[in-house]
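Novice:
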Amino acid sequence: MMIFTIAWRELRNLFLSPLAWCVLAVIQFIIAWIFLIQVDNFLKFAPTLAGMANAPGVTDAIASPIFSTASVIMLLVVPIMSMRLIAEERRSGTLSLLQSAPVSMTEIVLGKYLGLLLFLIIMLGFMTVMPLSLAVGTHLDYGKLFSGVLGLGLLLGAFASAGLFISTLTKQPVVAAISCFGLLLMLWIISWAGSGDDRYSPVFHYLSLLDHYGALLRGSFNSTDVLYYLLFITTFLVLSIRRLDAYRLQH
Amino acid sequence: MVDNMNGDDVLVKVENLYRYYDEHCAVQGLNFELRKGEILGFLGPNGAGKTTTMQILSGNLAPSAGQILINGIDILDQPKRAKACIGYLPEQPPLYADLTVDEYLEYCACLNRVPRNKHLTARSLSKERCGLKDMGSKLISNLSKGYRQRVGIAQAIIHTPAVVILDEPTVGLDPIQIREIRSLIVELGKEHGVILSTHILPEVQTVCSRVQIIHKGRLVFNDDLAGLTRRMQSTSLLLTCRQLPEQAVIRALPGVISVELLGNQQLRVHFNAGNNPAEIIAAEVIKRGWGLLELIPEHKSLEQIFVELTTTDEASGTTMIQERAA
């Protein structure tokens with residue numbers, strides 16, 4: 001109950017500043033641009049593809065590239081949206097409003113997280129509408145589309161939880177944004193280290209945010225991947241709660 | 001005050017409160033109580049531990065040791081229930097600049113679990129009490145400092161808590177605003193227990209019913225207002241005459257301990273507490289035709305009381321508190 005109150009306030013606060021609107025507009029424009037290029041390409045090669053056995057369908061050719069580009073863009077966007085979550089409240093002293101209210105730390109953290117997640121889900125919704133609109137004229141592979149949306153959703157959830165945690169570490173939102181971007185990028189490319197044949201490479205591949213996303217994007221729904229994201233999110237949320245609690249104990 | 005002495009009216013009970021920042025001990029061994037209908041003034045120089053104590057009471061900081069009961073509920077065991085009885089205004093009001101006053105107070109009402117059907121009444125009541133009636137639709141970022149402070153107080157009382165904690169509520173306000181905030185605090189004191197921190201002495205004298213002076217994390221003085229006034233009573237007089245009085249004559253008068261020459265026409269006369277020689281001095285000066293211009297009892301400033309309370313060794317400080325309590 002209290003979680004939703006905080007989440008709702010957080011979401012509305014985001015839309016009170018021009019930042020959220022600006023991000024929505026810019027991202028929508030870029031994704032639309034990519035969407036149109038993909039549609040154009042597909043139409044160009046459609047006759048050739050028609051003759052091939054096992055040719056990629058509309059969903060593969062259009063939805064997957066959109067989602068994979070979106071993930072890279074969101075790698076930049078989420079840190080900007082998440083940087084203020086706690087850092088700004090600590091800097092302006094408004095965190096004490098929440099702390100002296102009959103609300104637990106867990107509720108504060110989950111509320112903040114949910115607020116940001118709702119915003120990201122709105123963005124995800126706008127992104128999904130574009131490939132979905134193709135359903136008017138052709139047959140879509142809904143399973144694959146759903147798997148892609150789920151993958152991007154989980155990825156955004158993971159980004160947001162890491163962003164929230166980084167935001168609890170500092171009072172400077174910009175520092176939070178840059179650190180969060182660094183952390184996400186690191187986790188993104190960590191699998192490059194495991195490209196050789198040494199025995200550690202599976203570890204790096206497992207840790208990488210990218211690898212788990214790729215599988216879902218290809219339409220292979222593997223519970224390991226979903227579990228990876230859920231673990232990732234839980235870890236960072238717990239860390240955030242611990243961090244906030246620690247501020248109460250020590251200065 | 002005396003008929004309120006039974007235990008049911010104790011709103012806040014603090015026992016053996018300690019708080020360390022690493023090695024530094026900000027609050028050591030604090031003990032006090034707040035009863036219903038009391039306005040407790042927390043006085044102390046900067047860095048004395050006032051804000052730390054307030055933050056601990058409001059649940060923003062955890063104590064290193066000690067127990068705090070709010071309305072009989074332990075704030076560490078049941079933080080949610082205890083916090084529901086507290087309204088807290090930190091030094092810097094926790095305001096969201098992007099919201100209007102109404103939106104902000106609505107959010108505060110939600111956070112403090114005011115039942116949904118009572119939100120409107122709670123909001124308009126706290127706005128009315130803080131003089132914000134026509135400010136509801138204004139953006140907080142456009143409000144002046146005085147009004148922001150009022151919104152801060154409105155936020156603290158929106159759920160009509162038993163205890164209201166205000167950390168330096170009048171800092172940075174102009175004299176008229178200060179007066180308005182003070183009368184608001186007195187108003188609050190009628191229904192809630194109020195804890196107020198400040199380093200301005202007149203504020204305590206106009207508003208509070210009980211005073212605690214804290215120094216270096218220790219309670220060095222705990223008494224009602226009359227006790228503080230007693231303590232501030234002078235033991236010296238300023239005597240100004242047209243013609244410089246003879247120091248020897250004044251010193252010889254009964255009750256006078258010493259005489260200090262301040263300027264051409266001015267003397268400071270020290271005397272034993274409880275034996276004010278003003279009348280005798282005046283009579284003597286007039287008799288000798290020195291031309292009495294001024295005879296002023298000197299009140300001790302807060303600084304002097306601080307110095308007095310803090311330079312005495314700890315042992316005598318504690319006895320003093322016990323003495324007063326008894």
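These protein sequence lines map, in sequence, to chains A and B. Under this note's numbering, the residue at position 41 of the first sequence is numbered 41, and the numbers go up by one with no gaps. Under this note's numbering, the residue at position 145 of the second sequence is numbered 145, and the numbers go up by one with no gaps. Where a beta carbon is used, it is the ideal one built from N, C-alpha and C, also for glycine. Please read all numbers here as calculations on a predicted model, not as lab measurements.
1) Please state whether the Cβ-Cβ distance between Gly59(B) and Ser100(A) is less than 7 Å.
2) Under three-state DSSP, which class holds Asp40(A)?
3) Going along the chain, which residues of its own chain have a beta-carbon closer than 6 Å to the beta-carbon of Thr53(B), five neighbours each way excluded?
4) Please tell me whether Asn71(B) has its Cβ less than 7 Å away from any Cβ of chain A.
5) In whole angstroms, give me the CA-to-CA distance for Ala154(B) and Leu61(B).
6) Using only CA atoms, which one of Glu284(B), Ala162(B), Ile305(B) and Asn142(B) lies nearest to Ile214(B)?
7) So what does DSSP say about Cys241(B), is it helix, strand or coil?
8) List the whole-angstrom C-beta distance separating Val194(B) from Leu173(B), where the pair is believed to meet the contact cut-off of C-beta under 8 Å.
9) Grouping DSSP H, G and I as helix and E and B as strand, with all else coil, what is Glu33(B)?
10) I want to know whether the segment 178 to 196 of chain B touches the segment 29 to 43 of chain B - three or more CB-CB distances under 8 Å.
11) Which residue from Thr100(B), Leu89(B) and Ser258(B) puts its Cα closest to that of Leu98(A)?
12) Helix, strand or coil for Cys180(A), going by three-state DSSP, please let me know.
13) What are the residues of the segment 180 to 196 of chain B that lie near chain A, defined by any Cβ-Cβ distance shorter than 7 Å?
14) Nearest to Ile34(A) by alpha carbon, out of Pro56(A), Val23(A) and Met130(A)?
15) Is Ser92(A) helix, strand or coil by DSSP?
16) With DSSP as the reference, identify every bridge partner of Gln266(B), one or two as the case may be.
17) Any beta carbon from chain B within less than 7 Å of Ala101(A)'s own beta carbon?
18) Is it buried or exposed for Ser120(B), if we count other Cβ within 10 angstroms and need 16 for buried?
19) Counting beta carbon pairs with one atom in the segment 9 to 16 of chain A and one in the segment 113 to 128 of chain A, are three or more of them shorter than 8 Å?
20) For Arg19(B), is the classification buried or exposed, using 16 other Cβ atoms within 10 angstroms of its Cβ as the cut-off for buried?
21) Please list, in chain order, the residues of the segment 11 to 23 of chain A that have any C-beta partner in chain D closer than 7 Å.
22) To the nearest angstrom, report how far apart Asp102(B) and Ser137(B) are at their CA atoms.
23) Please classify Tyr96(B): does DSSP put it in a helix, a strand, or coil?
24) Pro297(B) bridges to which residues according to DSSP?
Specialist: The relevant details are as follows:
1) For the 7 Å CB-CB criterion, Gly59(B) and Ser100(A) form a contact.
2) Asp40(A): helix per DSSP, three-state reduction.
3) Val27
4) no
5) 22 Å
6) Ile305(B)
7) Note: Cys241(B) maps to strand in three-state DSSP.
8) Not confirmed; about 18 Å, so no contact.
9) strand
10) Result yes; three or more Cβ-Cβ pairs closer than 8 Å.
11) When each option's Cα is compared against that of Leu98(A), the closest is Leu89(B).
12) helix
13) The residues in question: there are none.
14) Met130(A)
15) DSSP, reduced to helix, strand and coil, places Ser92(A) within a helical segment of the structure shown.
16) Thr240(B)
17) yes
18) Checking the sequence shown, residue 120(B) turns out to be Leu, not Ser. Its Cβ having fewer than 16 others within 10 Å, Leu120(B) is exposed.
19) yes
20) buried
21) Given the protein chain composition of this structure (A and B), no chain D is represented.
22) Using only the alpha carbons, I get a separation of about 6 Å.
23) Note: Tyr96(B) maps to coil in three-state DSSP.
24) Leu237(B)
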